[in-house]
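Residue numbers (my numbering): 6 to 219. Don't be surprised by glycine CBs; every beta carbon is placed ideally from N, CA and C. The structure displayed is predicted, hence computed values, not measured ones.
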């Protein structure tokens, strides 16, 4: 009786690892599978239940869409005003040491991560930082991990951490309460970021173990 439910991970991960679907498409397929199993096999979802689920999902998606829309407008302004190029020129003019450069990158990306979408940071901001990082002799794998951790932190950093708004909406909890409970974890994540920033070996030991020569 439980077999159809237990097949959910197979449907989800099977589509991803086989290459048949992207992760986003796999989530949609898994959702359709769950609905089919619930309605046809288990008969545990009525039309009224389905309607309520669609209504709640629509409200959540609309609020998230408004946040992302605002972020995209801000992204457009950043790109049009050539802010990334200005930042890159400023960093090169300061003639920073590798450690100083990484500290400044951490501060910059943490601030930008609070107001920009992660994809925009990767596509617009990071490319103008890479030449400076390469010129200072910073390993690009190490630099990439530092960038990704910064973006992850920015998404959960108040006051405009995009994931905070999404989580507050989904969990139906006050934003202020969510922020208060996230802060201890945020401190631990910042500590981890500091460690991988100052000790590249923490990032590079595994790639080097697997043959990376950088």
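Fill in: Distance CB(residue 134)-CB(residue 148) smaller than 9 Å
yes
Fill in: Closest residue to residue 124 among 81, 195, 44 and 202 (Cα-Cα distance)
81
Item to complete: Consult DSSP for residue 215 and reduce its assignment to one of helix, strand or coil.
Response: coil
Worksheet item: CB residue 167 to CB residue 21, shorter than 9 Å?
Response: no
Discussion item. Helix, strand or coil for residue 48? Go by DSSP, reduced to three states.
Written reply: coil
Worksheet item: What's the call for residue 159, buried or exposed, on a 16-neighbour Cβ count within 10 Å?
Response: buried
Worksheet item: Counting Cβ pairs, one atom from each stretch, are 3 or more of them under 8 Å apart for the segment 187-194 and the segment 131-146?
Response: no
Worksheet item: Given residue 28, which residues of its chain have a CB within under 7 Å of its CB, disregarding the five upstream and five downstream residues?
Response: 21
Practice prompt. Using three-state DSSP, classify residue 7 as helix, strand or coil.
Written response: coil
Worksheet entry | Nonlocal neighbours in the same chain, by C-beta distance under 7 Å from residue 38, ignoring five residues either side | 13 and 16
Discussion item. Buried or exposed, going by whether 16 or more other CB atoms sit within 10 Å of the CB of residue 86?
Written reply: exposed
Worksheet item: Whose C-alpha, out of 171, 206, 176 and 153, is nearest the C-alpha of residue 194?
Response: 153
Worksheet item: For residue 144, does the three-state DSSP call read helix, strand or coil?
Response: coil
Worksheet item: How many angstroms separate the CA atom of residue 213 from the CA atom of residue 181?
Response: 43 Å
Discussion item. Contact defined as beta carbons within less than 8 Å: I believe residue 119 pairs with residue 162. What is the distance between those atoms, to the nearest angstrom?
Written reply: 5 Å
Fill in: Proximity of residue 103 and residue 143 at Cβ, strictly below 9 Å
yes
Item to complete: Pick helix, strand or coil for residue 55, following the three-state DSSP scheme.
Response: helix
Practice prompt. With residue 30 as the anchor, note down where its alpha helix (DSSP H) starts and where it stops.
Written response: 28-41
Fill in: Residue from 6, 32 and 171 whose Cα sits closest to the Cα of residue 47
6
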